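K.L.:
Going by my numbering, 1186 is the number at position 294 of the sequence shown; the sequence numbering is gapless. Glycine included, C-beta positions come from ideal geometry on N, C-alpha and C. These figures come from a predicted structure and were not determined experimentally. The structure follows.
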Amino acid sequence: MDTLDAALAGETSRRRLLGRTALGTLGLAAAPALAETLTDLHLPGGNGTRPMTSAFPGKGSMILQRVHPPLLETPMEVFERDVFTPNDQFFVRWHWADIPTSIDVDSFRLNVFGHVEKPLSISLNALLRLPRVELAAVNQCSGNSRGLFQPRVPGAQWGNGAMGNAKWLGVRLRDILDLAGVKAGAVQVRFGALDQPVVAGAPDFEKALDIDHARDGEVMVAFGMNGEQLPLLNGFPCRLIVPGWYSTYWVKMLNSIEVLPGPDDQYWMAKAYKIPATPGANVAPGTKDFPAVPINRMIPRSWMTSLPDGQAIAWEPTIEVGGIAMGGDCGVARVDVSPDGGRHWYASRLGPDQGAYSFRRWDSRVPLARGSNAIMARCVNTRGVAQPLQPIWNPGGFMRGNIETTTIIAG
Ligand SMILES: Nc1nc2c(c(=O)[nH]1)N[C@H]1C(S)=C(S)[C@@H](COP(=O)(O)O)O[C@H]1N2
Ligand SMILES: [Mo]
């Protein structure tokens, strides 16, 4: 057994304790008591001030978006340090507040059933014995940057930190499905988890993928994250990884895999997380009725992280700027940088390629003017898709991907 196996097998009691005390206490604590300092997400129109907290189990300093269920955002400076996001500052998002605070790793089972030859009930030890794969991939909430939408839309008012990049270690979903033997006529695979709705009759969080997607050899069931077990709040003991797709599909605390002979018509696929079936998921602000499809593949994005928005610095003729980029559902081909609101563009140097689905570092030296500098980064992915200048709008606040601007004041 390697260290991860040992940790998964041996840490039950400690995790139980950690989970109970930390999450249990949160139930009693009033949110203001959690606040250590305040941070400003610079949301248009204001209301961007949030408390910082390190009161959640397995988590360091995070931006507190909500206590019940926990919604924790990663501060942007974390992305400046490394293209991989540390587990203790990886963002957290749950839909229902009834989340197990302890997992018994001995009795835990991952159940595979439905349209299969041989239903399975897989223990964690059995899961750990299957052939392993490791893959770097960005986990990004569909509503990342929703707070930047104009006009504003309801939902969690995230800044840009509802995302993170990790090396995921686990088992191919295809291998699990092959063990169960998918029957002819399978259409989708539905994934369920241990968290429960808090309101009676409310829909359990379940998501589905088409059978061919589920069997593409990339989708995986992960139990390792950056060389450690998953933090409880990121889905311990195992979760789905859907490379290149928004993280609404990355079901945490995964305990059921159900092969369906037809499309999943339940709430979380049929009603929630739908985007306009228009180019770029864009509709005129205020539009309510439009043909919609389930959100799916991610698009290219990039951020300058070397200085925070609004930073004042001493003027010099040029400045070194850098940040991170993602290709979306493929790799990063290039990142160009404009120091003057899009008038002139300069090439950047890309950092090491950690795989198509990973963040990639970029750095560039650009001219600096006295006064206000609107610095922009534009990612072009390996499919040739470039970030647009114009923001999109849709009522869900999904899929923001336009070029972002970081203002630097040089005096
Ligand atoms: N079981 C379960 N899995 C879930 C969710 C959830 O509510 N329950 N939320 C999804 C959504 S919308 C997001 S953005 C990601 C967040 O993953 P993270 O908390 O590990 O960052 O988890 C996904 N998986
Ligand atoms: Mo999400």
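Does DSSP classify P943 as helix, strand or coil?
P.N.:
Three-state result, P943: strand.
K.L.:
For ligand 2, enumerate in chain order all residues having a CB closer than 6 Å to any of its heavy atoms.
P.N.:
Listed along the chain, these residues meet the criterion: R985, C1033, S1034, G1035, S1139, T1140.
K.L.:
Taking 7 Å as the line, does the beta carbon of K1144 fall inside it for any heavy atom of ligand 1?
P.N.:
Yes.
K.L.:
Rounded to a whole number of angstroms, what is the C-alpha to C-alpha distance between P1280 and D1232?
P.N.:
Near 16 Å, if we compare the C-alpha coordinates of D1232 and P1280.
K.L.:
Thinking C-beta only, is S1034 closer than 8 Å to W1050?
P.N.:
No, the pair does not count as a contact, with Cβ atoms beyond the cut-off.
K.L.:
Tell me the DSSP secondary structure of D1245 in three-state form.
P.N.:
Coil at D1245, not helix or strand.
K.L.:
Measuring only from the beta carbon, is G1127 closer than 7 Å to any heavy atom that is part of ligand 1?
P.N.:
Within the cutoff, so yes.
K.L.:
Where does F1041 sit, in a helix, a strand or coil, going by DSSP?
P.N.:
F1041 falls in the coil class under three-state DSSP.
K.L.:
Who are the Cβ neighbours of L1199 in its own chain at under 8 Å, not counting the five residues just before and after it?
P.N.:
Within the same chain, L1199 has close Cβ partners I1205, V1213, T1298, I1300.
K.L.:
Going by C-alpha distance, which of R1189, I1191, N1174 is nearest R1183?
P.N.:
Residue identity check: residue 1183 is Pro in the sequence provided, not Arg. Checked all of R1189, I1191, N1174; the closest Cα to P1183 is N1174.
K.L.:
Counting only runs of 4+ residues fully inside the region 1026-1084, write out the alpha helix (DSSP H) ranges in chain order.
P.N.:
Counting whole runs of 4 or more residues, the region 1026-1084 contains the alpha helix (DSSP H) stretches 1065-1072.
K.L.:
Here's a check: name, in chain order, each residue in its chain whose Cβ is nearer than 7 Å to the Cβ of Y1165, leaving out the five neighbours to either side.
P.N.:
Correct list, in chain order: S1034, T1140, P1186, I1187.
K.L.:
Counting only runs that start and end within the region 950-979, where is the alpha helix (DSSP H) found for 4 or more residues in a row?
P.N.:
Runs found: 969-973.
K.L.:
Return the first residue and the last residue of the alpha helix (DSSP H) that M1161 is part of.
P.N.:
Here the alpha helix (DSSP H) through M1161 covers 1159-1162.
K.L.:
Based on the DSSP secondary-structure assignment, which residues constitute the bridge partners of R1001?
P.N.:
BP columns for R1001 point to S1015.
K.L.:
If we count the other Cβ atoms within 10 Å of its Cβ and call it buried at 16 or more, is R1292 buried or exposed?
P.N.:
With 16 or more other Cβ atoms within 10 Å, it is buried.
K.L.:
Just to confirm the assignment, what range does the beta strand (DSSP E) spanning D1228 have?
P.N.:
Taken as a continuous stretch (DSSP letters only), the beta strand (DSSP E) holding D1228 covers 1224-1230.
K.L.:
In terms of alpha-carbon separation, which member of V1224, S1250, A1106, K1010 lies closest to S1240?
P.N.:
For S1240, the nearest C-alpha among the options comes from V1224.
K.L.:
With 16 other CB atoms within 10 Å as the buried threshold, where does T913 fall?
P.N.:
For T913, the pLDDT reaches just 37, beneath the cut-off of 50, and the residue's location in the model is therefore unreliable, although a value from the coordinates is still provided. Classification of T913: exposed, given that the 10 Å Cβ count is below 16.
K.L.:
Can you check which of these residues, N1286, V1272, T941, V1030, is closest to T1179 by C-alpha distance?
P.N.:
Of the listed residues, the one whose Cα sits closest to T1179 is N1286.
K.L.:
Taking DSSP as the reference, what is the three-state secondary structure of D1104?
P.N.:
The answer is helix: DSSP assigns D1104 an H, G or I state.
K.L.:
Quick check on S1256: does DSSP put it in helix, strand or coil?
P.N.:
Of the three classes helix, strand and coil, the one that applies to S1256 here is strand, per DSSP.
K.L.:
Measuring CB to CB, does Q1080 end up less than 8 Å from L1152?
P.N.:
Contact flag set, yes.
K.L.:
Quick check on S1264: does DSSP put it in helix, strand or coil?
P.N.:
It is a strand residue.
K.L.:
Below 8 Å on the Cβ atoms is my guess for L1061 versus E1026; work out the distance and round it to an integer in Å.
P.N.:
About 5 Å separates the two Cβ atoms, so the contact holds.
K.L.:
At a cut-off of 7 Å, would you count D860 as near ligand 1, judging by its Cβ distance to the nearest heavy atom?
P.N.:
No answer is possible for residue 860: the residues shown for the chain start at 893 and end at 1303.
K.L.:
Can you determine whether any heavy atom of ligand 1 sits closer than 7 Å to the C-beta of G1056, and answer yes or no?
P.N.:
The answer is yes for G1056.
K.L.:
Sort D1228, R1262, L1124 by Cα distance to D1273 and report the nearest one.
P.N.:
One point to set straight first is that residue 1273 is Asn, not Asp, in the sequence displayed. Closest by alpha carbon: D1228.
K.L.:
Straight-line CA distance for Y1159 to A1094?
P.N.:
Those two C-alpha atoms are separated by around 9 Å.
K.L.:
By the 10 Å Cβ neighbour count, where 16 or more other Cβ atoms means buried, how is A922 classified, buried or exposed?
P.N.:
With a pLDDT of only 42 at A922, under 50, the local geometry of the prediction cannot be trusted, and no value is derived from it.
K.L.:
Assign F1290 to buried or exposed, taking buried as 16 or more other Cβ atoms, counted over all protein chains shown, within 10 Å of its Cβ.
P.N.:
Under this definition F1290 is a buried residue.
K.L.:
What is the rounded straight-line gap between the Cα of E1296 and the Cα of H1105?
P.N.:
Straight-line Cα distance between these residues: approximately 31 Å.
K.L.:
CA-CA distance, D996 and L1069?
P.N.:
Going by the C-alpha atoms only, they are around 24 Å apart.
K.L.:
Out of A1248, W1207, E969, which one is the CA nearest neighbour of N1265?
P.N.:
Out of A1248, W1207, E969, W1207 has the C-alpha closest to the C-alpha of N1265.
K.L.:
Compute the beta-carbon to beta-carbon distance between N1147 and A1085, rounded to the nearest angstrom, for a pair I have assumed lies under 8 Å.
P.N.:
The pair is a contact, with the Cβ atoms about 6 Å apart (cut-off 8 Å).
K.L.:
Locate the beta strand (DSSP E) running through F1115, then write down its first and last residues.
P.N.:
F1115 -> beta strand (DSSP E) spans 1112-1117.
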